[in-house]
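For the protein sequence lines, the chains are A and B, in the order given.
Heads up: the first sequence begins at 1075 in my numbering, then just goes up one per residue.
Heads up: the second sequence begins at 1075 in my numbering, then just goes up one per residue.
For glycine and all other residues, C-beta sits at the position ideal for the given N, C-alpha and C.
Small disclaimer: the values here were computed from a predicted structure and weren't measured.
Note sheet for the following structure.
2 protein chains.
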Amino acid sequence: MAKKYVYFFGGGKADGNESMKNLLGGKGANLAEMAGHKNLKLPVPPGFTITTEVCTHYYKNKKAYPKELKSQLNTAIEKTEKLMEKGFGNPGNPLLVSVRSGARRSMPGMMETILNVGLTSKTIPALIKQSGGNSRFVYDAYRRLIMMYSDVVMEKAAGIEPKDEQGIRKQLEKIMTQMKKDKAYKTDTDLKTEDLKKLCDLFKAKVKEVLKKDFPDGHNEQLWGSISAVFTSWNGKRAVSYRRIENIPDEWGTAVTVQTMVFGNMGNDCATGVAFTRNPGNGENKFYGEYLINAQGEDVVAGTRTPAPINKYSQSEHNKSLKTLEKGMPKIYKELFEYQNRLEKHYYDMQDLEFTIEKGRLFMLQCRVGKRNGPAAVRMAMDMLKERLIKKEQALMRVTPSQLDELLHPIIDPKIEITHKPLVKGLPAGPGGATGQIVFSANDAVAWAKQDKKVILVREETNPEDVEGMRVAQAILTARGGMTSHAALVARGWGKCCIVGCSALNVEHAKKEMSAGGKTLKEGDWITLNGTKGNVYEGKLPMIDAAEENKIFDDFLKLCDSVKKLGIRTNADTPEDARKARQFGAEGIGLFRTEHMFYGKGTEEPLFRLRKMIVSKTTEERQKALNELFPYVKKDIKGTLKAMDGLPVVIRLIDPPLHEFVPRDKNKLADLAKDLNISLEELSKRADALHESNPMMGHRGVRLGITYPEISQMQIRAIFEAAAELLKEGKKPYPEIMVPVVCDVKELRNQLSIAQNVYQEVLKKHNIKKIKHMFGTMIEIPRASFVANELAEVAEFFSYGTNDMTQMGFGFSRDDIGGFLPEYLQQGILPEDPFQSIDQKGIGELIKIGIQRGRKTNKKLEVGICGEHGGEPASVEFCHKVGMNYVSCSPFRVPIARLAAAQAVLKEKQNIRKVKTPQE
Amino acid sequence: MAKKYVYFFGGGKADGNESMKNLLGGKGANLAEMAGHKNLKLPVPPGFTITTEVCTHYYKNKKAYPKELKSQLNTAIEKTEKLMEKGFGNPGNPLLVSVRSGARRSMPGMMETILNVGLTSKTIPALIKQSGGNSRFVYDAYRRLIMMYSDVVMEKAAGIEPKDEQGIRKQLEKIMTQMKKDKAYKTDTDLKTEDLKKLCDLFKAKVKEVLKKDFPDGHNEQLWGSISAVFTSWNGKRAVSYRRIENIPDEWGTAVTVQTMVFGNMGNDCATGVAFTRNPGNGENKFYGEYLINAQGEDVVAGTRTPAPINKYSQSEHNKSLKTLEKGMPKIYKELFEYQNRLEKHYYDMQDLEFTIEKGRLFMLQCRVGKRNGPAAVRMAMDMLKERLIKKEQALMRVTPSQLDELLHPIIDPKIEITHKPLVKGLPAGPGGATGQIVFSANDAVAWAKQDKKVILVREETNPEDVEGMRVAQAILTARGGMTSHAALVARGWGKCCIVGCSALNVEHAKKEMSAGGKTLKEGDWITLNGTKGNVYEGKLPMIDAAEENKIFDDFLKLCDSVKKLGIRTNADTPEDARKARQFGAEGIGLFRTEHMFYGKGTEEPLFRLRKMIVSKTTEERQKALNELFPYVKKDIKGTLKAMDGLPVVIRLIDPPLHEFVPRDKNKLADLAKDLNISLEELSKRADALHESNPMMGHRGVRLGITYPEISQMQIRAIFEAAAELLKEGKKPYPEIMVPVVCDVKELRNQLSIAQNVYQEVLKKHNIKKIKHMFGTMIEIPRASFVANELAEVAEFFSYGTNDMTQMGFGFSRDDIGGFLPEYLQQGILPEDPFQSIDQKGIGELIKIGIQRGRKTNKKLEVGICGEHGGEPASVEFCHKVGMNYVSCSPFRVPIARLAAAQAVLKEKQNIRKVKTPQE
C-alpha cells in the first residue's frame, strides 16, 4: 500500500488524532481530535492535513512532492466536497478553502497562511449568490486573496526579495490607502462593493506589472501554489530565526492543513473569535476571549480593530463598551461555552480556541494547549491540582522553568509607583515591570542592545519581522492591537513585559518620536512599563522582585521540593547574595569565589594589597603583602559563613591568573611601586613577567597554590579563623574548602597538607577541638575526570566547574567565541551555545566518567556543579540523571533550579498519566 | 616470622639472587648472584645487603629503622666475621667494611659510599700488623675514612649545609694541600707515614672544631652512621636531580650493601680495576679495562692517576707506556679473563666489573650490565645475535631508543676535519661531534644554555655537582680522568659527546681560560670536539649526520621493521624534509602544515599575500588575496607530494589563529595598507579586531574554514590541482586532506562538502577520472574523542594532535607552563612533562575512547598520531598498544620510532627468553 500522506477530518470522523502531532503538526492533530474523538465531535469545518513527511520529502528532493500526493489529495477534496455539498472550483456551488501551516510546536505568525483559496472569476458569481448577494463580502474576500497570494506565493515563495517598500503587498496596500484617501474613507469597512471590485482589478494589474505574471485564475493552481508556499515558508528567514530561539530542530518540518473556509465576515450574523478556557494572563479559572463581528480571524490577530469581550469576565477598560458574545448571541455563546468545557476536560489543560460564526452557525477552527505567562501557569497548575483535574506530578510539569523565571522578574516598586501618574495606559499583555530607553525599530533595538543599553521597543504594532528586536528589548509597547495581537502573543510566550493597544499613544516612526497626553518623547528617552496593569510611565522607576511574598509561588516551590532529589545551592560571593539566595530556598553555597572581593566598587583597599602580593618577587615580600590582605579576606568569609549559618559554604581558593589583577592605570602603578619601594620600571618588569599568551590555561588556581604555598596558607587560615570565631559566637559555620584547576591528585595532596597544618594551628590558637569542614576539589580540567578515582581518595567532594570544562573540552575560549560561535549557531553546526546548556555528548561524558570513577574509590563523595549551567533547566536535569548531590546557581535561578530538579525526577519516573506542557 | 631485612652473601652462598633487584638494588642483587649462583661462585668479599624496604620504612617513619633490623644485621656481621676469620672492632684481628648504596637502577656517583669503616684507635695497630707493618697504608686508609665520614655522615647526612669552600671536606683538603706544599710533595703518594699520621690528628682536630663533635672512634657508631648516611643520600639534592632526569621514581629507595673491605692499596702486589666484557665505546667483542697498582677503587673512578690498560687491546695513546695486567700479573689476568667470560655467558650481556687484587689475590667487587653508547649498543646487539648468544627479540631490546638517537647525532664533516690539526687530544669518552662556546663551570653552562647558546663545558675534572651543567652542554671536555671517570660515565649514559683525560690541556678555572699547545682560549671562544677520536679543534667546524651509510645501523633498523606493526611517518613541511625522512625510512607524511610555508626566511612573498587575506574585511577582498596566494600554496604542496611519490601525505588545512600572522613591524603594516588601499589606521583596527584573549582556543582551524569557506576552498583546490598536475606527469600523488581543531561532525560535513565540490571541479578541469585521496580529521579537541563515532562516519582517517590535546586536557598553555611546570616536576607532582611523553592516565584515555568509538562506526578508519609525541619511545609504545596504524614524527626521530615500534611489539608479546636492557 502506498504511504498515507493526506489525513482527512470532518463530519464527526477523522483519519488522525491528537497523538499524531509529529506527523500532522499541532494544528492538524488537534483538528482531527476535535472532529473525530468520541468525547468531542465538535463542528469543525471539514478538510485534510498533508503530513510533515511531505515537507521533509519536499526539501530532500529539490522541492518535489511524493508522486502519491496528488491522488490522495484529490480523494480528500472529494470527501470534503461531499460533506459540504459544494465543489472546489465549481462555478455553481463553489467550495473555498484555507491553506495553513502547522508544525509539531506552534510557531505563531512565523509561517504563511492563505485564505479564500478557490475564489476565481468563475466562482465569484456563485459565491455572491451563496452569500445572499453580498458582493461586497465576496470582493473583499477576493482582494484579500490577491493581497495574500501575490505576496506569499508569487513573491516570497518564488524567492523574489524586493526591498521592504517595493514588496508587492506594500504596493497593493498603497493603492488601497490611496483609494481610501481619495474617497475620504476612514477605515476599510467604508469601502463599497464597487470600490472593492475596482481594487481587485487594480491589484491584478499591479501584480502583472510588478511580478510579470498573471494572478492565477485556476482554483487548482491557487491550491497547489498555496501548499508550496507554506512548505517554502518553513525555511523562511523569520521561521528559521524563531526556531533558533526556541530550539526547534529544522528537521521537524511543517504539515499543511487545507480546510473548508467558513466566513465570519459575511454580515452581522457572522463573527470570529479567539478564546481561552482560562485566563492566560493570570490563570483564573474563567472562560476568557475576544471576538469581532463580521470579521475574519486575521482581523482579530492583527489587532486593527479592537475586539469585543466574549463575556463579562473578559471585559476591560478598552472594550467594556462593546457588546459581549454572551449578550449578543446567547445561544451560540452557550454552545461555545459547552465546547470549551468539553475541551478542557478532554485535554486536562487550558485550551486556546479559534471559532467562527457563519450566518449564525458556530464552527470550531482550532484548538491547542494555550500559551500562558508564568504567573498564570503557576496558578493554573495549583488550581487544577485543587480541582483534582490533574495530579501533583502533572501540576509540576505544567510550569516551565522559564515561566517560573517570569515570576522572578522585577516589578516597579509599588511604593514608588503609587506616587506616579501614568503617561498613558494600554492593555496588560506581558507581566512585570521594565524600564529602558525608547527605540522605534527592531533594528535599532538590536543595535542598542549590543551596546548593553536597555531598550523598550515602541511600535505602532509589531509583526513577525520584529522578532529579533522584541527579543532583545526589555519590554514592548504598541499603540495598536489587542491581547491576542502579535506583540501580545510573542511577549506572553517569552514572559516579557508588554503593553499593547495603547491607542492614546501617537507613534511617529520616521521622526523617532512618540507623544501622549501632550508630551513628546524621543529616541533614547527613558520610560517605565507596568505590564501587569498596562501603565506607561515617563522616566526610570525603581524595580523590586515580584516573587516576594507570593503565596502560590511559595506553595508551588514547596511542591517542587517534595519531589526533587537534588540539593539546590547558590553561587554567592557576598553576605547579601547569600541572604537573598537563602530566601529563595538555597540549601547552601556551592561557590564562594574568594577573588570576587577584589572586583567592583569599594574594594580599593584589599585590591591594593592583593596587587602588592601579586608583584612580590621574594617569598618575604609576598608574605608581608599576604599578612596585610588577611583581615579583609577573613572578614568577607566570616560574613558569608554567618549569613549561611548551619548550611555548607564551598569556598574556592584563588582561581584566576594573577595578571588579571595587575593595574593598567599609571597612577595606580606608581602608588604600588612607591609602597613596595621599587622603581616603576622594576614594577612594570614584574607585571610584564606575569603576562601570559593563554591565561585561561596558564599559571592559575592550584598552580598558584603550589608555586606560592603562602597564598593558600593565608586563604585557608582566613577560612578556619573565621569559622573558629563564629563557633565562639555560638554559630554553626560549615566551610568546604575547594581547590580549583586541579588535574592531578598530587596537587590536591600538596594543598591538603597545607590545610591540615593550618587547621591544627587554628584549633590550637582558639583552643577548640573541631571545626566542621570538608576539603575537596573543583573538576574543571578534562584530565581531572579521568583521574577522579585518585582525586576522590583525597577529596571529600567534587564540584564541577562546567564553564572551564566547556572551554577546555571544546577548545572554546569564552572571550573569543564571538568570531565563530554565532556563525556556528546560525549554520546549525552546534544546536546551542554550550556555555548556556551543558553539552551532554562531550562535556556530559567527561562529567559522567568523573562521577563514576570518583564514587568508585569514595562512596560518600559529595558531587555538585557550580558552573553557570547549574541554573539552566536542561543542565539541571542532566545533573540529576548523572547522580549529583546538588547544583549551585545564581540566587535568582534557585527557584528555577528547584522546579527543574523536581521535573527531572518526574521525567525519569515516566509514570505520569497524561502530562502536557504548553511547549508540547 | 619477622620480615627479612638483611641478605647475606659470601663463601659460595647467598640469601639473595639477581632477580631481587627491587629489594636488594642492582649492586646487592648482582653481588648475591656472583657469590651464590652455581654457574658463577666468584670470589666476592663477603657481606650483606640491607633492603630497599628499610629505606622506604626509614622515610615513612621519621628516619627510624624497623626494630628487627639490628639483630638481623648483627647475625650477618657474625657470619662475615666467621668467613673472614676476623672480628668487626676486634683489636686483635679487625674486620673492615665498606658501606655502599645500591638502587634498582644504577645512579653513578649520585649517592654516598664510605670505605674503611671499623678503623679506630683500637683496630689501627692490628691492621698495621695484618698488613705486614704497612703503617703508611693504614694511616692513609684512616685519613680517607676521616675525610669521607666527616663529609658524608657528620656533615651532609646531618643536614649541615655550609658554603662550598667551608665544607669540611674542602677544609681537610686544604690542610693536606698545605702539608704537601710545605714539604714540596707533588702527589699524595709522596706523603710519608708520619705525615699521614699527623694529618689524621690534624683532621680530627679540625672536625671537632668545625662540626663541634668528636670523630667517632667506635666501630659500631661508624657503621650505623654510614648506613644512615647512605639512606639520607637517597634524598640528597644531586640524587633527586638525577632521578628527575632519568625518570626514576622517588618511591624506589636504595639498598645498602655492607661488605668486607679488600685493599688494592696495600702495596705493589695489590691493584684495583674496572673492566667491561666488551668495549663500551664501540661495541667490539674484546675484553676491555683499566687498573691501578696500589690503589683503591675510588682512585680509578676519580681519575686522579691515569690507569693502566688491562691488556693490549685496552691500550691507547695515553696509557700505552704503562704495563698491562696481562703482562704484570699474568695468572691473575687469566683468572679475571675466565671470570668475565663466565659472567657474560651467564648474563647474556656485556658486564661492567670492578675487581681488586689484595696481596696477589683477586676479588670481584661488583658486576652489572655495562652502560654503553649508542653505536656500541647497536654493534653488541648485532654481534651477539650473530654469535647466537641472544635472539632477534633480545637484540632489539638491547638498544634503547635514546641510544639509537646517538647514532643520529652529527659528526664533524670528515672532509673538513682532515684539513684541521687538533689543538689537543684526549680520551674518546662520548661519541659524535659537537661544537660550542667554552664555559668553565656548570652554573655558567646552565646560564648560557638558557640564552640558547651552545656551550661546551670544560673542567679540570667533573663531579656529581656538575650534572646539570653537563646535561645542557653540547659536549664535555676534561683535562683529567680516564674512560671510567665521572665525566666519561655520565656522558656515555647520555650519549653525549665527551673527551676526558686531555692532560696537555691547562684549565684555569678562576681566570676562565684554558691553554694548550701555546694557545690560550677564553670563555665564549668556540671549539669543536670529535668525541669518537678524542680530538679537540679550535673554532667551529661543520657537522654532518653520523648514521648516513652505516651498515650495522641499517641492518639493525631492518631488524626493527621485521617486527614492528606501526607504520612510521614523518612530519615534514618541505620537499627537503620529506626526502630526508624518506631516507630514514618514513613511510609517508603524517603531517604537512600548510601554514609553515609562511614561516622563516624566503617567505616574504607568500606571507605578504597571506596577510592581505587575513586583514581582508569583505569576502571579495579575501577572495582576491586568496587568488594571489594560491600559486604559492600549490607549488609547495606539489613539491612535497612529488618527493613522497607513491606514499601518503597528510596535508593539514590552516590551523593557527590568523592574528599570529599579522605583522608587528610598522613598515610592513604600511606596505600592507598601501597594497590594500586602506589607511594605516583602518589596517590597525582590523588587525586589533583579530586579537584574542586565549588564541589557543579561539578562532582557528576549521573554525576559520567555516566562517571563511573560501580559505578552505583555496587550500583544497591547491591540493587537488597539485595532485592532478603530478598525475599527468606520471607520478602517484596520494594526498590526505586533514581538517584541524574539529569538535563536531557538522564541522567536518561542512568542509567535506567544500572538498567534494572542489574535487569535481578539478577533475573536470584536468579531464581526469580520479585522484587517489582521503578526507579526515585531526583529533585534538577533547570533545572530539567523545563524538568520534560520529566523526568517523565522515572521516576516513583520524590523526591525533596530542600537543593540543595535552594543552586542553591538562589546561596547560604550552607557552605559559614556564610559571609552574618546572616546579611541578621538581616537586614530583607530575612524573614527567606531558608534552614530552603522552600522559597515559588522562590524555591516553581520551585517545583510547576516540579510537574505540571511531572504529565502531568505521571499521576501516586509519588512525595515526602527528603530535610531537610520535617520536618519543614510551608514547610510540602507547600508540601501538591502543591500535593506531601509524605514528608520525620529525625526520630525525624516524629511526627511533622504528625501534620503539618494534620494541612495543616485543613488550606486548612478553615471550622474550631473558631480555635485559642496560637500564634495568
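Asked                                                                                                                         : Found
CB contact below 7 Å: His1943/A versus chain B                                                                                : no
Test: Gly2027/A CB closer than 7 Å to a CB of chain B                                                                         : Missing from the structure shown is residue 2027/A; chain A here goes from 1075 to 1994 and no further.
Touch test, the region 1208-1219 of chain A against the region 1278-1285 of chain A, Cβ-Cβ under 8 Å, three pairs minimum     : no
Same chain, Cβ closer than 6 Å to Lys1955/B, five either side skipped, listed in chain order                                  : none
Proximal residues to Ala1076/B (C-beta, below 7 Å), its chain only, five neighbours per side dropped                          : Glu1142
Cut-off 6 Å between Cβ atoms - residues of its own chain near Glu1587/B, not counting five sequence neighbours on either side : Thr1594 and Lys1596
Buried versus exposed, by CB contacts within 10 Å (16 or more), Gly1944/A                                                     : buried
Selection from Ile1793/A, Glu1152/A and Lys1260/A that minimises the alpha carbon distance to Val2009/A                       : Nothing about residue 2009/A can be read from this structure; chain A reaches only from 1075 to 1994.
Distance between Tyr1833/B and Val1610/B (C-alpha atoms, nearest Å)                                                           : 59 Å
C-alpha distance - Glu1186/A paired with Ile1234/A, whole-angstrom precision                                                  : 16 Å
Alpha carbon of Lys1360/B to alpha carbon of Leu1436/B, nearest angstrom                                                      : 21 Å
Inter-residue Cα distance where the pair is Ala1109/A and Ala1103/A                                                           : 10 Å
Minimum Cβ-Cβ distance from Phe1884/A to chain B less than 7 Å                                                                : yes
DSSP state of Trp1308/A mapped onto helix, strand, coil                                                                       : coil
N- and C-terminal bounds of the beta strand (DSSP E) containing Arg1179/A                                                     : Unbroken run through Arg1179/A: none, as it is neither H nor E.
Residue-chain proximity (Phe1894/B, chain A), Cβ-Cβ < 7 Å                                                                     : yes
Strand pairing of Asp1426/A, partner residues [DSSP]                                                                          : Phe1350/A and Arg1442/A
CA nearest to the CA of Met1158/B, picked from Met1424/B, Pro1120/B and Pro1680/B                                             : Pro1120/B
Contact list for Ile1903/B against chain A, beta-carbon separation under 7 Å                                                  : Ile1780, Asp1818, Lys1820, Glu1821 and Asn1824
Neighbour-count burial assignment, His1847/B, 16 or more Cβ in a 10 Å radius                                                  : buried
Segment limits, beta strand (DSSP E) that includes Cys1571/A                                                                  : Cys1571 to Val1574
Length at least 4, wholly inside the region 1895-1966 of chain B: the alpha helix (DSSP H) runs in chain order                : 1895-1900, 1917-1931 and 1947-1955
Beta carbon proximity, Val1736/A to chain B, threshold 7 Å                                                                    : no
Cβ pair count under 8 Å reaching 3, the region 1630-1642 of chain B against the region 1679-1696 of chain B                   : no
Below-7 Å beta-carbon distance, His1765/B vs any chain A residue                                                              : no
Cβ-based neighbour list, Pro1067/A, same chain, cut-off 7 Å, excluding 5 preceding and 5 following                            : Given a span of 1075 to 1994 for chain A in the structure shown, any question on residue 1067/A remains unanswerable.
Spatial distance of Ile1986/A from Ala1561/A (CA atoms)                                                                       : With a pLDDT of 45 at Ile1986/A, under the threshold of 50, the predicted position of this residue should be treated as unreliable, and no value is reported.
Test item: CB-CB of Leu1603/A and Ile1490/A under 7 Å                                                                         : no
Neighbour list for Ile1855/A in chain B, Cβ cutoff strictly below 8 Å                                                         : Gly1883, Phe1884 and Gly1885
Buried or exposed by the 16-neighbour rule on C-beta atoms within 10 Å, applied to Gln1901/B                                  : exposed
The region 1707-1721 of chain B in contact with the region 1795-1804 of chain B per 3-pair CB rule at 8 Å                     : yes
Ile1853/A versus Glu1467/A: straight-line alpha-carbon distance, rounded                                                      : 34 Å
Under 7 Å by beta carbon: chain B residues contacting Val1861/A                                                               : Lys1915 and Gly1916
Min CB distance Glu1040/B to chain A below 7 Å                                                                                : Examination of residue 1040/B is not possible in this model, given that chain B is present from 1075 through 1994 alone.
Backbone CA spacing between Thr1346/A and Val1226/A [nearest angstrom]                                                        : 23 Å
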